[in-house]
Amino acid sequence: MPCALRQAVFRAGPALLITAVFCCGLLLAGPVAAGDRVLRVLAWPGYADADVVRGFEARYQAKVEVTMVDSDEALWAQMHAKDTPPFDVLAANTAEIQRYTRADLLAPLDLASLPNTKRQLPRFQALSSIEGLTSAGQVYGIPFTYSSMGLIYDRKQIPVAPRSMLELWNPRYRGKVLDFNSAQHNFSFTALALGYAHPFQLDAAQMRVITQKLIALRRNLLTYYTLPEEATAFFIEHKVALMFGNYGTQQVELLRRAGADVGYVIPDEGVLAWLDCWAMTRSASDRTLALAWIDYMLEPEVSGLLPQRQGLANTLTAPVDNNANARIMWIGPVEDIQRREELWTRIVSGDRSERF
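Below you can see the structure in the form of structure tokens.
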């Protein structure tokens, strides 16, 4: 997230939501004439930097308002907020795109209006092969960026790379572990670490085991984090040893720029990975402008900023892959979102294990 960001923070249910106002011009680009077009964007940090937004505004003579979120839960809450104008485009992972499509919140995309999709790598042009992006023959999401969600570790405290996500529970790291504050991902990565074949579709018995495991993880935790910048500050200030890297290589890049000597590893049991996509909401007031935004984000000069600034991969160029043989699972829809969130709220609040 650019250093010129002013953050207004408030609560959206159990999740933290951040509305971003860039003093260098993102939302303060000057008065808007009565006939100006306005595009409202819901995105993650690093996806809509101020200079990128200014370029779009100048080209299309439009005003862009960006709201940033720090979790899937916050994204969902903001899409259902009653006291704010509706959004036109959003960035979400494939599982969430499928969820939003089923909830009739998204509009199908006209690929003819998105010529830059032809610049994407073949695997990202094969939209029907990516679960969650198509429904009834129509496209609802366009891949934008992705990362695995591995282990980040301090090389000074852990000179040999850990081999399993279960190292988060190693008592030698008590008080030196960071975890991402998310119900869906915590249950899923723990299931994968325990060897469950279907970490997104857990039965009642598996949920009980994983719940107790996540309660036990609290003994090792320094705290939970939401944003990558927050995790970086905690990691350095409190000499963290291990962290579940929800933002993956983006966090590694931030930590190294901050001077931390960290390593990144995909555990032997495999790793979850997210593929974030752009989508247009059903409530988009100017669909031509919304499609122009999605196509603009796929221009080489814009997508090329992801690896340069964020340490993330884009869908136009193949990254150098040191984990070609690793087991990587794109996150998928879970069996019961509400149940996971209810349990997670109790876990985070410190509820005793015998009460579950």
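Note that my numbering gives residue 49 to position 58 of the sequence shown, counting from 1, and the numbers run on in steps of one. Using N, Cα and C, we set each Cβ at its ideal position, and we do this for glycine too.
Each of Ala152, Arg110, Glu326 and Ala98 was checked against the Cα of Gly128, and the nearest Cα belongs to Ala98. Under the criterion of beta carbons closer than 8 Å, Ala207 and Gln197 do not qualify as touching, at roughly 16 Å. Our two residues, Thr306 and Thr336, have alpha carbons roughly 35 Å apart in a direct line. For Phe171, the enclosing beta strand (DSSP E) covers residues Val168 to Phe171. With a cutoff of 8 Å on beta-carbon distance, Gly141 and Val262 are scored as near each other.
Thr108 is not a Cβ neighbour of Asn172, given a cutoff of 8 Å. In the structure shown, Pro99 falls within a coil segment according to DSSP collapsed to helix, strand and coil.
Here Ala83 is not near Asp327, since their CB atoms are 8 Å or more apart. The closest CA to that of Tyr287, considering only Ala270, Gly302 and Ser274, is found on Ala270.
Comparing C-alpha distances from Phe180 to each of Met320, Pro291 and Leu289 shows the shortest one belongs to Met320. For Trp265, the uninterrupted beta strand (DSSP E) run begins and ends at Val262 to Thr272, by DSSP. Asn177 and Gln203 have their C-alpha atoms spaced approximately 12 Å apart. Within the model, the alpha-carbon separation for Arg209 versus Ile133 is close to 37 Å. Lys204 sits in a helix when the DSSP states are folded into three classes.
Between the stretch 242 to 254 and the stretch 140 to 154, the count of Cβ pairs shorter than 8 Å is three or higher; the stretches touch. Excluding residues up to 5 positions away in sequence, Arg209 lie with their Cβ nearer than 8 Å to the Cβ of Gly341 in the same chain. Assigned with DSSP and collapsed to three states, Gln197 falls in helix.
In the DSSP assignment, Tyr287 falls within the alpha helix (DSSP H) that extends over Arg278 to Tyr287. Distance from the Cα of Thr85 is smallest, within the candidate group Ile322, Ile338 and Gln329, for Ile322.
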